[in-house]
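Chains as they are written, first to last, in the numbering used here: chain A, 62 to 526; chain B, 62 to 526.
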C-alpha cells in the first residue's frame, strides 16, 4: 500500500474489519478526526480507522487478521496517558476497548472484581463502593482512564504507599497476543505459583506484548474513616522526619508533598485552594483511611501533635467534613490551575531517592534558571513513594525548548538513584531517554521478550524501544 | 560426551571451571555425594560437580562458558524446595550460590536491604532486626532457604496476607542470563515504570529464565507488638465469618487454619503442642503485629470477644509472652511431627477458593478413603490466603501410590477456582500436571519467553515445562 495513502482509504481493509466487529464496531471519518490521542491537545489517530471490538473473541479475530496482513495497531483505553502511548501513526489502526466496558462479577467473599478492560476506573470505584469495598487505585484521570490502560501502564496515583501500584492490585489477567492467541489467566487467588505469572509478565509493558482484554482486581474493605490534614513544614529535613515516623501509622494512605512554588501558585489562584497561609518552604497533605474511626483519628491527631511539638510542623489544618477532605485534595490535584497559568508547559514524572529529592530539584532549578530567565517551575507529588512531578514553563517558546529542558531534567537525574518514569510510563515521549536510564542487559531482555511475543512489532510499535 | 560417563570424569570441563571460580569455587567427589537436592531425603546431584561462584562476574563467566559448550546447569539456593527444583541430572552441573552470601547494604531511610542471592532468609531477618526493621517473608525453612531461591520460587509463608509474597517485597534484581549476559536492575524506588519490570519478569520463574545473583528487598518498620491466639471454631462457616471480619484488623499478620485431623495429631503427639482441648472441627492461629501495643491489643481482644459472643469461637487462648507466641507457632509449624507419624507421606501445596476449601478437602478425603482404607490425612495452612497444605499417608506403599494420590488431589482441584501450586512452585514434581491446570495460551507464552531467553534450555531444564 502506498505510504502516502491514509489507511482509511483502503476499502478492502475496512470491509474485512467490519466483517469482524460489525458496523457499530467501526469508526471512520469525523468520528476519528474529532478524537484525540492526547489528554491536553488534539492529536487525532492519523490512520483514520478505529476498531471497537465487543468481546475477547473479536479482539482475537482482529489481531489474527492484522497478523496475517502485517497490519500494525495501537490499543486505546481512556487516552489519558501523558507519555504519548496512544499516538497512532498513518499506517496504524486503533483498537479501542471502549465497548468492552462490562463489570462481570463482584466477589464479595474473595474481595475481588472481574471486569472487561474498557471499564473506567471511576466505574470500578462506584461498583466496589456499592458492595462496601474499595478499589485502591486512585488517580486524577479516573473518570476516563480504563482498567486495561492502567494495567498496561502499571498506573500509580495517590494511595500507592498504602496499597501499591496497579500490579499489586491485580489478581488475574486475560490478554490477546499479536497473532490473536488468547492468553487467559483469570486467577482470583492470592497465592498462585503455577508457572510464569501472566499478570506480571504483561502489566506495565505498555501494550507491547499483548492487548489486555479482561482482568481480576482485588478489592479491600471500604474504609470507615478518613482523616486529611494539610501542614506547613519549615525544611526538607523536617519533611523527611515526618515521613519516617508517618510510615508507622498503620492507616496512612497518602503522603503528598508540595514545594512552596506549587503551593503559592495554588493559594494565589483565586480558586479557593488556600487552607494555610503561603510562605512555608513545604506543605504536606497527609491522609489516613482506616476501619476504626475513633482509634484512627486518635492516632492521626497524636502524630500531628507530636510533630508539632518537635518543631516539624509550623501550621496545620485538619479536615472536619467530607467537603473539607475534597477541598484539600483539590489543592493537591490542581493540575488545571498550573497548566492554565504556565501554558505551554513541560511536565515530568520521576522518582528520586527521597533523601536527595530536594537536592535534585534544586539542581534542576539552578540549571534551568541559568538557561531561562523567565522560568516558572512547580514541584509536587507522591513523596511518600519517592515520586514527584515537576511542571516547567520557560517562556512562550517552551515547546521549542522541550528537548533541552528534558535533557536538563533527565541528565541531572542520572546522578541519583532514580527512575526516568515513576508512574506515567515511557511511551513515545521518553523513548529516546530510555537507553541512558536502564542498563544494557535490561534493554536486551526487553528486546528478546518483545521479539518473542510480537516479532513483527504489530502492537504499539512506536513506544518503549 | 558419552551419556553414561558422569560429568565429573571430564577433566577438561573441570579444569575450565576451576580456571573461572578457583579451587574454593569447586566441589567434587564426596563433597558432592554427601549433599542432597531434597530437604527430606538424600538425592545427590548426579553430575558430580558443584560450582560455587563468588561474584556476579564469576556467575557470568561460568554461564558464558556453559553457553559455548551447551552445558546445562541447575542453580542451587538452600535446597529446601519440595517441588524437585534442585534435582540435578547426570549431564548437569550445579551452580550453588552459597558463597555469594553478603549483605551489602541496609538503607534505613528507604527501608530496603541490598544483598547477594545466597544469603539465607534468617540472616536477612537478623540484619533487618538489628536495624529495627523487619523483612516480611517468613517461612519454616528460613534457616536454609536463600534470598535467590525464594525470589526464583516467589516464596510465600506465614505473613502473606499482610505483606504479600516474595515478589511484593522485591524492589530490585540482578540476574545472569543463560549466555552470561548480566541484567542489572537494582532499583530501590517504590515507583519505577521505566520499561519492562525485570524483577517481575524473573521472579517466580524457578530459575528457568536467569540466575538471580543480587537483589534489593523492602523492609518494614519492626513491629512493636505481637498478639497471637489459638481458637477453636465449631464449623467451616464460622471459619469464613471469622476470616471476613478479621480482614478489617489493620494489624492482622496471620490467619492459619488447622483442620481437626491436624490439630488432634499435634495435640496427641506428646510434644507440648496442646494449647486447647481436642475435638473441635477447626482451630485457627491468628496473629496481629502492629506499632501501638495498647491499641493493637485492644483491637485484637475486641475481635476475639466479639467472635465469641457471636458463637464463632468455642474456646480460645491468647499469648501472654514471647515464649507462648513461639509455642503457638510451633503448633502450626509441626511438619516434623506429622512427617514422623505419617511417613512415608505425600504432601501438597494448593490454593482453592476459600469458600469451597472445606468442600474440596471433604471430596478428596472421600475419594482417598474409598481407595485406601488405611488413609491418614491432615489439612492445615494459610487459609487467609486460600492456601492449604495436605499431608497424606495411604499405607506402607504410599510412595508407590503417589501418582494415583496426586491425581485424586489435582484432578479434584479442577472443579474449583484453584491453583495447582500456591507457594511451592511446579519444579519437576508437578510438571506433568501443569498442562491440566493452566490455559493453553499461558503455556504458549511460557514457551515463547523461555525460548527467547534460554533457547538451548541450559537453565534448570527439567523443571516447569
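Glycine included, every Cβ here is placed at the ideal spot set by N, Cα and C.
Remember, it's a predicted structure, so these values are computed and weren't measured experimentally.
If you check the CB distance, residue 438(B) and residue 517(B) do not come in under 9 Å. Relative to residue 77(B), the option among 306(B), 93(B), 409(B) and 124(B) whose CA is nearest is 124(B). For residue 419(A), the nearest beta carbon of chain B is not closer than 9 Å to its own beta carbon.
The C-beta distance from residue 156(B) to residue 120(B) rounds to 7 Å, short enough to meet the 8 Å contact threshold. In this structure, the straight-line span from the alpha carbon of residue 145(A) to that of residue 259(A) is close to 25 Å. With contacts defined by Cβ atoms closer than 9 Å, residue 252(B) and residue 281(A) do not form a contacting pair. Looking at 143(B), 112(B) and 86(B), the one whose alpha-carbon comes closest to that of residue 101(B) is 143(B).
When secondary structure is reduced to three states using DSSP, residue 210(A) falls in the helix class. Non-local beta-carbon contacts of residue 415(B) in its own chain, meaning distances under 6 Å to residues more than five positions away in sequence, involve 447 in chain order. In the three-state DSSP reduction, residue 189(A) falls in the helix class (H, G or I).
Cβ contact annotation for residue 297(A) (same chain, cutoff 6 Å, sequence separation greater than five): 419, in chain order. Against chain A, the beta carbon of residue 252(B) has neighbours under 8 Å at 217, 221, 226, 412, 443, 446, 447, 448, 480, 483 and 484, listed in chain order.
Apart from sequence neighbours up to five positions away, the residues of its chain that approach residue 172(A) with a beta-carbon distance below 8 Å are 194, 279, 280, 281 and 282, ordered along the chain. Residues of chain A with a Cβ closer than 7 Å to the Cβ of residue 258(B) are, in chain order, 265. Under the three-state reduction of DSSP, residue 172(A) is assigned to coil, being neither helix nor strand. If you compare the alpha carbons of 180(B), 190(B), 314(B) and 149(B) with that of residue 169(B), the shortest gap goes to 190(B). The Cβ atoms of residue 390(A) and residue 162(A) lie no closer than 9 Å to each other.
Each residue's CA atom was taken as its position, placing residue 315(A) and residue 426(A) some 26 Å apart. Taking every protein chain shown into account, the CB of residue 397(A) has fewer than 16 other CB atoms within 10 angstroms, so this residue is exposed. Look at residue 344(A) here: in three-state DSSP terms it is strand. For a Cβ distance threshold of 8 Å, residue set 255 and 256 of chain B lies close to residue 495(A), ordered along the chain. Contact note: residue 351(A) reaches chain B through 311, using a C-beta cutoff of 7 Å and chain order.
Between residue 154(A) and residue 180(A), the C-beta spacing is not below 9 Å. Taking 9 Å as the CB threshold, residue 262(B) lines the interface with chain A.
For residue 390(A), the uninterrupted alpha helix (DSSP H) segment begins and ends at 383-393.
Chain A places a beta carbon closer than 9 Å to that of residue 172(B), counting this residue as a contact. Secondary-structure assignment with DSSP links residue 291(A) through a beta bridge to 346(A) and 378(A). At a cut-off of 9 Å between beta-carbon atoms, residue 248(B) makes contact with chain A.
Each residue's CA atom was taken as its position, placing residue 228(B) and residue 520(B) some 21 Å apart. Under the DSSP assignment, residue 117(A) falls in the alpha helix (DSSP H) whose first and last residues are 117-130. At a cut-off of 9 Å, the C-beta of residue 507(B) has a neighbouring C-beta in chain A.
Residue 256(A) has its alpha-carbon roughly 19 Å from the corresponding atom of residue 137(B). Put simply, the backbone Cα of residue 474(A) is about 11 Å away from that of residue 482(A).
Straight-line measurement puts the Cα of residue 70(B) at about 35 Å from the Cα of residue 502(A). Taking a cut-off of 8 Å on C-beta distances, the segment 302-313 of chain A does not touch the segment 71-91 of chain B, as fewer than three cross pairs fall below it.
Interface with chain A (9 Å Cβ-Cβ cutoff): residue 245(B) is included.
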